[in-house]
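There are 2 protein chains.
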Amino acid sequence: MSQIITKLDDLFQARREEIEEWLHKKRTKKPPFFYSSVDLRHSGVRIAPVDTNLFPAGFNNLSPAARDRSINLMHDRLEAMKPVPKKILIIPENHTRNLAYIENLFVLSGLISETGREVRIGSLTATEPLSLQSMNENTVMEFPLIRTNNRISTSDGFEPDLIILNNDCTAGAPEILIGIKQPIEPSYHMGWYTRRKSEHFRAYTQITREFAEKFNFDPWLISAGFHRCGVVNFHERVGIECVALGVEKVLHTMRQKYEEYGVTEKPYVFVKADSGTYGMGIMTVGSSDELLELNKKTRNKMNTIKEGTQNTEVIIQEGIPTIDVVEGAPAEAMVYLVDGVPVGGAYRINSERDANSNLNAAGMRFVGMCDESECAESAREKIKIPGCNFNVFGLVSTLAALAAANEVYDSLDIGFSI
Amino acid sequence: MSQIITKLDDLFQARREEIEEWLHKKRTKKPPFFYSSVDLRHSGVRIAPVDTNLFPAGFNNLSPAARDRSINLMHDRLEAMKPVPKKILIIPENHTRNLAYIENLFVLSGLISETGREVRIGSLTATEPLSLQSMNENTVMEFPLIRTNNRISTSDGFEPDLIILNNDCTAGAPEILIGIKQPIEPSYHMGWYTRRKSEHFRAYTQITREFAEKFNFDPWLISAGFHRCGVVNFHERVGIECVALGVEKVLHTMRQKYEEYGVTEKPYVFVKADSGTYGMGIMTVGSSDELLELNKKTRNKMNTIKEGTQNTEVIIQEGIPTIDVVEGAPAEAMVYLVDGVPVGGAYRINSERDANSNLNAAGMRFVGMCDESECAESAREKIKIPGCNFNVFGLVSTLAALAAANEVYDSLDIGFSI
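See below:
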């Protein structure tokens with residue numbers, strides 16, 4: 001096990017009850033979202049979330065044990081709602097040709113069905129029912145949506161009590177959902193048209209600092225430092241000098257920390273859109289000069305993110321090289337959570353990239369992860385992922401899910417009266 | 001005195017030392033910016049900041065006593081710097097024809113001179129020295145800037161130790177300043193190209209909540225509640241439904257609070273750009289229907305803010321009608337702070353508007369405010385501003401200045417180690 005995994009696993013074993021209690025308190029104070037997935041980067045010295053998705057796909061990558069845990073947690077969450085929803089509509093991304101995404105929908109709807117509910121899958125774009133084949137040749141039906149008196153139903157007459165959103169709303173709140181009476185989880189307000197990475201990592205830094213103070217370690221070990229820039233247009237070359245300066249600032253801090261921890265690698269950063277991306281518009285930068293010398297092709301790429309939204313604000317985040325290798329390729333762990341509790345995960349691997357790269361790019365694929373019940377020495381042997389430790393991955397991911405619950409709040413959310 | 005002024009004045013008189021200590025502690029933890037001005041709205045039941053400017057103009061509106069306090073606080077702040085700056089360059093807005101702004105520059109440079117320093121005024125756009133006449137026929141010289149080896153000087157050979165920025169950088173960081181060696185206060189990073197009102201009010205809500213809990217009153221009495229929306233384009237009618245929903249949400253909360261406090265007026269909200277404006281792009285809305293019925297002219301107006309920046313994100317803020325009347329016109333107090341300490345203020349009055357309106361619009365003018373030494377019964381009589389209470393205005397504004405110091409932080413600002 002790596003230095004940081006050992007350290008956190010020791011902490012977890014020694015003070016498990018205290019940790020669980022601390023996390024439970026936080027969950028009670030500000031309930032986590034229905035589900036989420038957290039991308040982790042692990043360098044041996046540190047492990048940190050680098051992206052937290054509130055409309056996760058990839059449930060099909062979860063192990064049987066992880067699926068069981070998901071069902072139980074979904075069940076408890078749904079039963080705690082008032083009134084308890086019996087009929088559930090999933091509203092997915094408009095990816096009718098992405099076979100892996102269809103597989104995710106098949107599994108996700110199956111998990112919710114297993115909680116004892118009726119489930120239907122809607123579609124924001126379909127004009128007639130669609131029968132879609134998944135990667136593993138399962139069939140998924142998607143139904144057009146109908147809005148009547150501020151309630152949504154599907155074209156086959158299904159009237160849900162609750163909508164589970166599995167669409168990250170990069171282009172804005174889906175018009176048909178705005179102001180409807182049925183509850184939506186997570187709300188489209190958490191879509192990427194409002195969310196910002198900088199607000200997520202601000203909240204993460206805050207919670208991590210608290211946690212690390214309580215349990216007495218350096219929060220840098222579980223965080224990727226970041227700096228937020230203002231408006232940038234790479235295409236027009238506006239604001240690039242300011243990003244270059246931010247890059248220097250982040251690299252400077254990294255050098256100090258690397259010296260403190262005896263890390264000999266060359267520090268580098270990721271420059272990415274402050275609003276969500278689909279793995280596009282992410283740049284790896286080792287010095288500010290690289291930024292100033294950007295060629296036109298790269299500048300255009302940085303300006304294009306999912307569905308053509310213009311890339312106008314960026315954050316600079318410490319790059320954490322991944323030491324995890326699965327099937328001979330660089331890999332990064334993704335942890336899935338339901339109701340803020342880790343249920344399992346998968347490794348994203350990409351043989352076309354190296355240990356410093358963003359792996360969420362062309363060439364990626366997923367393999368299952370060891371999880372709590374599968375992390376016995378024998379299982380770990382079997383899947384050959386030496387660094388895999390679900391206690392530690394789960395702990396760091398839980399902090400990220402708690403941060404997500406705290407990241408966007410306005411005064412109405414936190415309430416005024418004392 | 002109004003209900004809220006009486007309440008807070010009583011609190012201030014009774015627990016002044018405790019309050020000062022609490023504020024001092026906060027100032028020490030996160031130093032406030034060099035200067036700021038805070039726009040307040042006061043309805044009788046409540047008083048709240050609605051805008052906090054980190055590059056304030058209007059120093060010419062301050063009373064002699066307020067100017068003296070400014071000099072003392074600027075002096076102490078500058079003397080505490082290492083090394084102590086002796087030569088100071090002010091970098092102003094590019095408003096060479098705004099006679100009131102030139103008057104502000106004349107006064108501001110005079111205040112800094114009085115701290116015993118040499119002062120020069122630069123210009124981001126001038127290509128030769130400009131001699132400008134102010135409103136009161138004072139002469140102000142502005143000099144072109146020259147950058148050599150990452151240091152700035154003026155065309156007449158003045159090499160400053162410190163730059164005081166008096167330009168709110170709506171259009172971005174001034175290129176000539178990026179990465180220079182001399183310190184800049186406040187940093188261009190606090191320009192409106194990065195700042196967001198929602199982050200300011202998030203920080204304000206947080207600090208106000210703490211303060212009100214400590215001193216046992218409802219923080220709503222000193223806050224204007226808000227809600228942040230995602231990307232909106234009024235011109236293209238994108239996202240307006242979502243704003244309408246936010247308006248309903250804010251109005252709903254207001255109705256509850258109005259009932260609690262027996263306020264019988266009809267609640268209304270301001271819809272404004274989340275990035276700074278120059279009093280443009282602000283809308284008064286009493287119901288979400290008004291938003292949906294916006295005509296084309298208003299939509300275009302909402303999309304145009306200072307220097308043509310596109311209006312893409314909005315906040316919805318509780319409207320606080322002003323009960324203050326000066327010279328027969330609706331008025332709102334503005335408080336000036338140096339180093340986070342209130343020094344004085346002015347009233348913005350606008351006889352072309354009513355008590356519900358945004359007064360920062362065509363027709364506005366300024367009159368001096370009573371301040372600490374001028375708030376004796378006699379002075380108050382003289383300037384006929386019955387609600388004026390500098391203790392209370394100063395207290396609320398200090399909380400806003402402290403919020404500004406906390407509003408933009410990334411992980412590098414707050415540091416990682418414990």
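For the protein sequence lines, the chains are A and B, in the order given.
Note that my numbering has the first sequence beginning at 1, numbered continuously upward.
Note that my numbering has the second sequence beginning at 1, numbered continuously upward.
C-beta atoms are modelled at their ideal positions from N, C-alpha and C, and glycine is treated no differently.
Under DSSP, the alpha helix (DSSP H) around residue i begins and ends at which residues?
i      : result
B:Y261 : Neither: B:Y261 is in no alpha helix (DSSP H) and is coded neither H nor E.
B:F390 : 390-407
B:T148 : Here B:T148 belongs to no alpha helix (DSSP H); instead the beta strand (DSSP E) covers 139-148.
A:Q133 : Not the alpha helix (DSSP H): A:Q133 falls in the beta strand (DSSP E), residues 130-133.
B:Y193 : Segment: none, B:Y193 is in no alpha helix (DSSP H) and carries neither H nor E.
A:V84  : No alpha helix (DSSP H) holds A:V84; DSSP gives it neither H nor E.
A:R120 : Looking at the DSSP string, A:R120 is not in any alpha helix (DSSP H); the run it does join, the beta strand (DSSP E), is 118-123.
B:H227 : From DSSP, B:H227 is part of no alpha helix (DSSP H) but of the beta strand (DSSP E) over 226-231.
B:I5   : 3-29
Give the interface partners of residue i over in chain D, defined as CB-CB distance under 8 Å, in chain order.
i      : result
B:A173 : Note that chain D does not occur in the displayed structure, where the protein chains are A and B.
Taking C-beta pairs closer than 8 Å, name the residues in chain B that residue i reaches, listed in chain order.
i      : result
A:T194 : R228, C229, G230, V231
Can you say whether residue i is buried or exposed, counting buried as having 16 or more other CB atoms within 10 angstroms of its CB?
i      : result
B:K197 : buried
A:Y193 : buried
A:L402 : buried
B:A333 : buried
B:K214 : exposed
A:K421 : Because chain A is modelled from 1 through 418, residue 421 of chain A falls outside the range shown and cannot be assessed.
A:T127 : exposed
B:D156 : exposed
A:K181 : exposed
A:G308 : The predicted model places A:G308 with a pLDDT of 44, which falls under 50 and marks its position as unreliable, so this point remains unresolved.
A:I216 : In the sequence as presented, Ile is not what sits at residue 216 of chain A; that position holds Asn. So A:N216 ends up on the exposed side.
A:T139 : exposed
B:P64  : exposed
B:D168 : buried
Which chain B residues are close to residue i, counting only those with a beta carbon under 7 Å from its beta carbon?
i      : result
A:L245 : I178, G179
Pull up the CB-CB distance for residue i and residue j, whole angstroms please, since I reckon it's below 8 Å.
i      : j      : result
A:L8   : A:V392 : 4 Å
B:P219 : B:R209 : 5 Å
B:V367 : B:Y347 : 5 Å
A:V314 : A:I349 : Their Cβ separation, rounded to whole angstroms, is 27 Å, which puts A:V314 and A:I349 out of contact at 8 Å.
A:I121 : A:I163 : So it is not a contact: roughly 11 Å between Cβ atoms.
A:P267 : A:Y258 : 6 Å
B:R117 : B:L54  : With a Cβ gap of about 21 Å, B:R117 and B:L54 do not count as contacting.
B:T322 : B:R41  : 5 Å
Give the range of the beta strand (DSSP E) segment to which residue i is assigned.
i      : result
B:D39  : 35-42
B:Y336 : 329-338
B:D51  : 47-53
A:Y347 : 341-350
A:P92  : 87-92
B:V107 : Note, B:V107: premise wrong, no beta strand (DSSP E); alpha helix (DSSP H) at 99-114.
A:I315 : 313-318
B:S288 : Taken as a continuous stretch (DSSP letters only), B:S288 belongs to no beta strand (DSSP E), being part of the alpha helix (DSSP H) at 288-292.
B:A273 : 269-273
B:I164 : 162-166
A:G58  : Looking at the DSSP string, A:G58 is not in any beta strand (DSSP E), and its letter there is neither H nor E.
A:V285 : 283-285
A:I152 : 151-154
B:F366 : 364-368
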